[in-house]
Structure formats: structure tokens, C-alpha cells
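**Q** First residue of the sequence shown: 6, per our numbering; consecutive thereafter.
Here it is, the structure in full.
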Amino acid sequence: MNILKANREALTELYQSLRKEYEEYKAQNLSLDLSRGKPDSLQLDLTQPMLDTPLTRDDVVNGGIDYRNYGVFEGVPAMKKLFSELFSIDENNIFIGGNSSLQLMYDTMMRCMMFGTADSPRPWVQVDKRKWLCVAPGYDRHFLITEKLGFELITIPMRADGPDMDLVEEYVKDPSVLGIWCVPKYSNPTGNTYSDTVVRRLASMKCAAPDFRIFWDNAYGIHDIAEEGDHLMNIFDACKEYGTENRVFFYTSTSKITFPGAGVAMMAMSDDNLNHARSYLSASTIGYDKLNQLRHIRFLKNPEHVRAHMRRLGDMIKEKFDLTLSILDQTLLDSGVATYTRPNGGYFISLDVMPGTAKRVYDLMKEAGVTLTKVGATYPYGIDPEDKNLRLAPTYCTLADLSLSCKILTVAVRMSAIEKLIF
Ligand SMILES: Cc1ncc(COP(=O)(O)O)c(C=O)c1O
Numbered sequence: 006m007n008i009l010k011a012n013r014e015a016l017t018e019l020y021q022s023l024r025k026e027y028e029e030y031k032a033q034n035l036s037l038d039l040s041r042g043k044p045d046s047l048q049l050d051l052t053q054p055m056l057d058t059p060l061t062r063d064d065v066v067n068g069g070i071d072y073r074n075y076g077v078f079e080g081v082p083a084m085k086k087l088f089s090e091l092f093s094i095d096e097n098n099i100f101i102g103g104n105s106s107l108q109l110m111y112d113t114m115m116r117c118m119m120f121g122t123a124d125s126p127r128p129w130v131q132v133d134k135r136k137w138l139c140v141a142p143g144y145d146r147h148f149l150i151t152e153k154l155g156f157e158l159i160t161i162p163m164r165a166d167g168p169d170m171d172l173v174e175e176y177v178k179d180p181s182v183l184g185i186w187c188v189p190k191y192s193n194p195t196g197n198t199y200s201d202t203v204v205r206r207l208a209s210m211k212c213a214a215p216d217f218r219i220f221w222d223n224a225y226g227i228h229d230i231a232e233e234g235d236h237l238m239n240i241f242d243a244c245k246e247y248g249t250e251n252r253v254f255f256y257t258s259t260s261k262i263t264f265p266g267a268g269v270a271m272m273a274m275s276d277d278n279l280n281h282a283r284s285y286l287s288a289s290t291i292g293y294d295k296l297n298q299l300r301h302i303r304f305l306k307n308p309e310h311v312r313a314h315m316r317r318l319g320d321m322i323k324e325k326f327d328l329t330l331s332i333l334d335q336t337l338l339d340s341g342v343a344t345y346t347r348p349n350g351g352y353f354i355s356l357d358v359m360p361g362t363a364k365r366v367y368d369l370m371k372e373a374g375v376t377l378t379k380v381g382a383t384y385p386y387g388i389d390p391e392d393k394n395l396r397l398a399p400t401y402c403t404l405a406d407l408s409l410s411c412k413i414l415t416v417a418v419r420m421s422a423i424e425k426l427i428f
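This is the structure:
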């Protein structure tokens with residue numbers, strides 16, 4: 006039923022039957038969770054062989070290098086090569102970090118705050134009323150980094166093909182706007198991928214700040230679930246065309262390829278940027294965990310092998326995405342009060358409910374024993390101005406729990422909309 010077109014009588018009748026269904030769910034004292042954007046144990050089992058065979062002496066001492074010792078500061082060459090081949094980035098522009106790309110982003114941001122960038126006339130901390138562009142709905146931990154560091158966060162709406170570039174181009178005329186957070190492929194949480202046009206506009210736009218930086222978090226860069234994954238233009242290629250190579254800091258990790266929290270993270274940047282970063286990085290560590298890098302290389306082998314592994318993970322996630330979407334489609338597709346994304350990859354589905362009802366949906370779900378990601382988490386300062394966006398994370402729970410959670414969700418979404426319309 007299209008709730009927006011139905012008359013009051015029909016809505017009252019529908020509400021009563023939804024309420025009854027909702028009370029039945031509530032009576033089951035459920036404890037379910039649709040908020041956890043992480044792999045389930047079956048996914049992790051596919052990487053278990055990485056740990057089942059210990060590294061041998063030949064693994065850790067090779068090519069004249071003893072990887073058990075200090076040294077090889079920028080990462081094991083074979084790990085650099087693998088990332089280089091997967092993302093078409095020159096090995097010389099890659100730096101391998103520890104277990105977390107988020108930590109590399111935070112660390113880069115702190116460096117910029119304290120020392121500026123390769124192009125900065127002053128450290129960022131000295132920029133009065135500094136501002137940062139946040140593509141939203143987006144990733145809450147990005148927003149938190151820049152909020153904590155005293156930036157004013159500016160919301161840029163995320164569209165099907167990436168950020169609203171007219172708005173971005175307008176804002177970057179302000180010299181106190183120092184950068185933008187981007188999750189360019191299978192964005193968290195919409196699952197959308199930036200078009201070539203958007204990538205080119207980001208690379209070519211005229212920025213008033215000479216040290217404007219794009220934090221290009223390609224966390225889901227090879228995480229297809231559809232047979233035919235999305236295409237993302239290589240931003241370094243675009244920057245080369247426009248002479249803006251220094252504009253981009255690129256990040257990714259194997260968190261959702263191997264083990265979240267125990268994978269390998271990397272960053273990539275222009276020669277100037279990496280030279281600048283090196284001088285400070287070497288003050289903070291003698292080197293990251295090369296043995297974990299070696300374990301990863303032995304397990305992941307080469308790009309073809311990684312892609313085959315990702316195909317298996319993608320098939321597991323696809324089953325959950327398909328289940329979620331099929332349940333939403335049954336009652337929400339033509340309801341007029343909900344729209345949602347159908348990503349070809351990544352970890353999330355973004356659900357927009359009737360404006361002004363997302364918090365109510367969250368509360369109804371909570372009362373029924375289903376945890377959702379907090380409303381507002383996908384926006385700067387944790388505030389969704391329209392109170393309409395919900396981030397669904399189908400990957401972690403079992404198929405049975407997912408099915409039940411989604412059914413309750415469709416009830417809560419329609420109940421909330423009807424309450425808004427007629428009560
Ligand atoms: C967009 C995005 N970036 C980064 C991360 C965290 O990555 P890492 O484990 O490499 O720190 C996540 C985790 O969910 C994410 O969604």
C-alpha cells in the first residue's frame with residue numbers, strides 16, 4: 006500500500022494490524038543487532054588458513070633481509086607490490102602501516118595539524134575557524150576526527166554518483182576549508198561509487214587553500230558483491246592530468262579482506278607528500294609489524310588470488326544483502342515512505358525513511374529488541390537534519406536473525422510514518 010496516498014480510514018486499519026504484529030515481535034523478548042558493520046565468523050573462517058601454518062625461517066628471512074628484525078621501515082616490498090597491483094598505484098608512493106587505516110588517517114591529520122602539509126604556509130592548527138567538508142550520509146569516525154581537532158564540519162550531500170560537486174566547488178573558494186573526507190567506492194553507508202566526472206571535478210577544482218587535501222578512504226575498493234562491480238576512476242591519474250598530485254591522501258586496508266583489527270593498512274601519496282610524511286613518521290616508529298605483512302602475502306599471494314578470495318566473501322555478503330532487500334521490497338518498495346540503496350558492494354545499505362521518523366523507528370526497534378546504528382551517526386555532529394537516515398549493516402548477524410530484524414524494521418518504518426501522518 007502507498008501510505009502517502011491512502012485515506013485516513015485505510016491508514017488507521019493498517020496501523021492497527023501493524024501494531025498487533027509489532028506487539029507479537031515484542032513479546033518474543035528478542036535481542037538482535039543490525040548495527041555491526043563487520044564480517045561474520047564464516048567470513049573470517051575463509052582467512053583462518055593464514056594462521057594455521059606458522060611462518061617458517063624461509064618465510065621471514067629472504068632476499069637477504071631478516072624480517073624478524075628492525076628495518077624496512079616503509080613495509081615489506083612484496084606487500085607494497087600487492088597493493089600497487091590491486092590499486093594501480095606506483096610502489097614508490099605506497100607506505101605500509103599497522104593494523105588500521107583509520108589510525109593512518111588520524112596520524113596524517115595530526116601531522117597536518119602540527120606541521121602542515123608539503124604545501125602549507127603554516128600548520129593547520131594555526132588556521133583560524135578551520136573547516137572540513139563531510140560527505141553525508143558518511144562514516145562517523147571520519148567526522149569525529151575532524152570534530153575533535155576543532156574543525157567546523159560542513160555537510161555535503163552524498164548523491165548516487167558521489168558528493169554534490171556544485172556545493173564542494175563553492176565551498177573550496179574559502180581558504181579556511183582545508184579538506185574533504187571521501188569514501189569513493191561502495192561508500193559507507195550508501196554503497197554508492199563516485200562517477201568519473203566527480204573524480205575529475207575533485208582533481209581539477211580550484212581550491213583557495215594551497216594545502217587543501219582529499220582524504221580518499223578506499224576502504225571498500227575491491228569489495229564487490231555483484232558479478233559486475235562498480236568502476237572507480239584512479240584519482241591519481243586524474244590529478245596527474247590537472248597537476249594536482251599533492252591533493253590526495255589515499256588509504257585502504259585488509260580489514261575486510263582478512264581480519265578486521267588484525268589486517269594490514271596502507272597509505273599512498275605523491276612524492277612530495279610522502280617525503281614530507283617520512284620525516285615525521287620516522288620519529289614515531291622504527292617500523293610496523295612486518296611479520297603480519299608476511300603472513301598476509303603468503304596467504305593473499307597475488308591480485309588474482311585476492312580477487313578469488315573476495316569473490317567468495319562477496320557471495321556470502323550477497324546472500325545477506327539479497328535477503329535484506331527482498332524483505333524491504335515486500336512492503337516498503339511501493340509504500341511511498343522509504344527509499345533504500347542497492348549497492349553492488351561494500352558493507353552497508355542506506356535506508357531513508359519518512360523525514361522526521363528515523364528516531365521513532367530506532368526507538369520502536371530498540372523496544373522490540375533490535376539494535377540499529379544510532380540515528381544521526383551518519384551525519385556530522387551526530388545530527389541528521391531531516392531525521393530520516395538509517396544505516397543497515399546486514400553482514401554480521403545470522404540469516405535467521407537478519408530476516409527477523411528486517412521484518413520488524415518494515416513494520417516499524419510503516420508504523421512511524423502513519424503516526425506522523427495521522428496522529
Ligand atoms: C569507510 C571506512 N574506513 C575505515 C574503516 C576502518 O578501517 P581500518 O580497520 O583499516 O582502520 C571502516 C570500518 O568500518 C570504514 O567503514
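C-beta atoms are modelled at their ideal positions from N, C-alpha and C, and glycine is treated no differently.
All of these numbers come straight from a predicted model, not from anything done at the bench.
1) Any heavy atom of ligand 1 closer than 8 Å to the beta-carbon of ASP38?
2) Using only the heavy atoms of ligand 1, determine whether one of them is closer than 8 Å to the beta carbon of ALA273.
3) Please report the distance separating the alpha-carbon of PHE326 from that of MET115.
4) For ligand 1, is there any heavy atom lying closer than 8 Å to the beta carbon of GLN108?
5) Just curious, the alpha helix (DSSP H) that MET118 is in, first and last residue?
6) Find out if the Cβ-Cβ distance for the pair PRO180, MET163 is shorter than 9 Å.
7) Would you mind giving the Cβ-Cβ distance between PHE156 and ARG135, rounded to the nearest angstrom? I have them listed as a contact below 8 Å.
8) Around the Cβ of HIS310, are there at least 16 other Cβ atoms within 10 angstroms (buried) or fewer (exposed)?
9) Assign HIS228 to buried or exposed, taking buried as 16 or more other Cβ atoms, counted over all protein chains shown, within 10 Å of its Cβ.
10) Kindly list the residues whose CB is nearer than 7 Å to the CB of GLY292, restricted to its own chain and excluding five residues on each side of it in sequence; keep chain order.
11) Can you find a CB in chain D that lies within less than 9 Å of the CB of PRO54?
12) Counting only runs that start and end within the region 347-409, where is the beta strand (DSSP E) found for 3 or more residues in a row?
13) Going by DSSP, what residue range makes up the alpha helix (DSSP H) through ASP222?
14) Below 8 Å on the Cβ atoms is my guess for GLY350 versus ILE230; work out the distance and round it to an integer in Å.
15) Since PHE220 and CYS244 should fall inside the 8 Å C-beta cutoff, what is the C-beta to C-beta distance between them, to a whole number of angstroms?
16) In its own chain, which residues sit with a C-beta less than 6 Å from the C-beta of TYR199, not counting the 5 before and 5 after it?
17) To the nearest angstrom, how far is it from the Cα of LEU109 to the Cα of GLU246?
18) Just curious, the alpha helix (DSSP H) that PRO3 is in, first and last residue?
19) Could you tell me the distance, in whole angstroms, from the CA atom of VAL375 to the CA atom of THR151?
20) With a threshold of 8 Å, establish whether the CB of LYS379 neighbours any heavy atom of ligand 1.
21) Is any heavy atom of ligand 1 found at a distance shorter than 8 Å from the C-beta of ASN297?
22) Below 8 Å on the Cβ atoms is my guess for SER258 versus SER46; work out the distance and round it to an integer in Å.
23) Does the pairing of the region 374-393 with the region 28-44 give three or more beta-carbon distances under 8 Å?
24) Considering only residues of the region 308-345, which uninterrupted beta strand (DSSP E) runs meet the minimum length of 3 residues and lie entirely inside it, listed in chain order?
25) Which residue comes first and which comes last in the beta strand (DSSP E) that contains LYS136?
26) Whole-angstrom Cβ separation of MET370 and ALA417, contact assumed at under 8 Å?
27) Does at least one heavy atom of ligand 1 sit under 8 Å from the Cβ of HIS147?
28) Considering only C-alpha positions, which residue in the set ARG419, ARG206, LEU237, MET321 is nearest to LEU337?
29) Would you check if the distance between the CB atom of LEU333 and the CB atom of CYS411 is smaller than 9 Å?
30) Using three-state DSSP, classify CYS432 as helix, strand or coil.
31) For PHE100 versus MET321, is the C-beta distance shorter than 9 Å?
32) For MET119, count the other beta carbons within 10 Å of its own beta carbon; 16 or more makes it buried, fewer makes it exposed. Which is it?
33) Restricting to Cα atoms, I'd like to know which of ARG252, PRO54, TYR225, SER331 is closest to ASP276.
34) Output the distance between the C-alpha atoms of ASN97 and ASP242, rounded to the nearest integer angstrom.
35) Whole angstroms is fine: what's the gap from GLY381's alpha carbon to PHE92's?
**A** Let me lay it out:
1) Numbered from its first residue, the sequence shown carries residue 38 at position 33. For ligand 1, not one heavy atom lies less than 8 Å from the Cβ of ASP38.
2) Position 268 of the sequence shown holds residue 273. Every heavy atom of ligand 1 is 8 Å or more from the Cβ of ALA273, so no.
3) For the purposes of this step, residue 326 is taken as the residue at position 321 of the sequence shown. For the purposes of this step, residue 115 is taken as the residue at position 110 of the sequence shown. One C-alpha to the other measures close to 37 Å.
4) Residue numbering aside, residue 108 sits at position 103 when the sequence shown is read from its first letter. Ligand 1 has a heavy atom closer than 8 Å to the beta-carbon of GLN108.
5) The residue labelled residue 118 in the question sits at position 113 within the sequence shown. Per DSSP, MET118 belongs to the alpha helix (DSSP H) from 106-120.
6) Residue 180 sits at position 175 when you count from the first residue of the sequence shown. Residue 163 sits at position 158 when you count from the first residue of the sequence shown. Annotated as distal: PRO180 and MET163, with beta-carbon spacing of 9 Å or more.
7) Here the question's residue 156 lines up with position 151 in the sequence shown. Here the question's residue 135 lines up with position 130 in the sequence shown. Confirmed, Cβ separation roughly 5 Å.
8) Position 305 of the sequence shown, counting from 1, holds the residue named residue 310. Of the other Cβ atoms in all chains shown, fewer than 16 fall within 10 Å of the Cβ of HIS310; this residue is therefore exposed.
9) Along the sequence shown, one-based indexing puts residue 228 at 223. In the assembly as shown, HIS228 is a buried residue. Its beta-carbon has 16 or more other beta-carbons within 10 Å.
10) Residue mapping note: residue 292 aligns to position 287 of the sequence shown, counting from 1. In chain order, TYR75, GLY76, VAL77, PHE78 place their CB closer than 7 Å to the CB of GLY292, counting only its own chain and leaving out the 5 sequence neighbours on each side.
11) Looking at the structure shown, chain D is missing, and only one protein chain is on hand.
12) Taken in chain order, the whole beta strand (DSSP E) runs of length 3 or more contained in the region 347-409 are 354-358, 394-397.
13) What you label residue 222 is simply residue 217 of the sequence shown in a count that begins at 1. Under the DSSP assignment, ASP222 falls outside any alpha helix (DSSP H), being part of the beta strand (DSSP E) whose first and last residues are 218-222.
14) Within the sequence shown, the letter at position 345 stands for residue 350. Within the sequence shown, the letter at position 225 stands for residue 230. Rounded to whole angstroms, the Cβ separation of GLY350 and ILE230 is 5 Å, and the two are in contact under 8 Å.
15) Along the sequence shown, one-based indexing puts residue 220 at 215. Along the sequence shown, one-based indexing puts residue 244 at 239. In fact, because the Cβ distance is near 14 Å, the residues do not count as touching under 8 Å.
16) Your numbering for residue 199 matches position 194 in the sequence shown. Correct list, in chain order: GLY167, PRO189.
17) Within the sequence shown, residue 109 is the residue found at index 104, counting from 1. Within the sequence shown, residue 246 is the residue found at index 241, counting from 1. Computed Cα separation, rounded: 27 Å.
18) The chain is shown from 6 up to 428; residue 3 falls before or after that span and cannot be answered.
19) In the sequence shown, counting from the first residue as 1, residue 375 sits at position 370. In the sequence shown, counting from the first residue as 1, residue 151 sits at position 146. Computed Cα separation, rounded: 30 Å.
20) Translated into positions along the sequence shown, residue 379 becomes position 374. For LYS379, the distance from the CB to the nearest heavy atom of ligand 1 is not below 8 Å.
21) Taking the first residue of the sequence shown as 1, we reach residue 297 at position 292. ASN297: no, Cβ never under 8 Å from ligand 1.
22) To locate residue 258, count along the sequence shown from 1; it is residue 253. To locate residue 46, count along the sequence shown from 1; it is residue 41. Actually they are not in contact, since the Cβ atoms of SER258 and SER46 sit about 20 Å apart, beyond 8 Å.
23) The region 374-393 and the region 28-44 touch, with no fewer than 3 CB-CB distances between them shorter than 8 Å.
24) Fully contained in the region 308-345 are the following beta strand (DSSP E) runs of length 3 or more, in chain order: 343-345.
25) To locate residue 136, count along the sequence shown from 1; it is residue 131. Membership of LYS136 in the beta strand (DSSP E) is indicated by the continuous run 136-141.
26) By 1-based counting over the sequence shown, the position of residue 370 is 365. By 1-based counting over the sequence shown, the position of residue 417 is 412. Separation of the CB atoms of MET370 and ALA417 is rounded to 5 Å, and the pair is thereby assigned contact status at 8 Å.
27) On the sequence shown, position 142 is the one that residue 147 refers to. Distance from the C-beta of HIS147 to the nearest heavy atom of ligand 1 is below 8 Å.
28) One-based indexing of the sequence shown puts residue 337 at position 332. Ranking the options by Cα distance to LEU337, first place goes to ARG419.
29) Residue mapping note: residue 333 aligns to position 328 of the sequence shown, counting from 1. Residue mapping note: residue 411 aligns to position 406 of the sequence shown, counting from 1. Yes, the pair counts as a contact, with Cβ atoms nearer than the cut-off.
30) The structure shown does not extend to residue 432, since the chain is modelled only from 6 through 428, so no value can be given for it.
31) As a first step, residue 100 must be located in the sequence shown, where it is residue number 95. As a first step, residue 321 must be located in the sequence shown, where it is residue number 316. Not in contact: PHE100 and MET321 (Cβ atoms no closer than 9 Å).
32) Your numbering for residue 119 matches position 114 in the sequence shown. MET119 should be labelled exposed.
33) Locating residue 276 in the sequence shown gives position 271, counting from the first residue. With distances taken between Cα atoms, ASP276 lies closest to ARG252.
34) Indexing the sequence shown from 1 puts residue 97 at position 92. Indexing the sequence shown from 1 puts residue 242 at position 237. For ASN97 and ASP242, the distance between alpha carbons rounds to 15 Å.
35) Counting from one through the sequence shown, the residue named residue 381 turns up at place 376. Counting from one through the sequence shown, the residue named residue 92 turns up at place 87. Roughly 32 Å separates the two Cα atoms.
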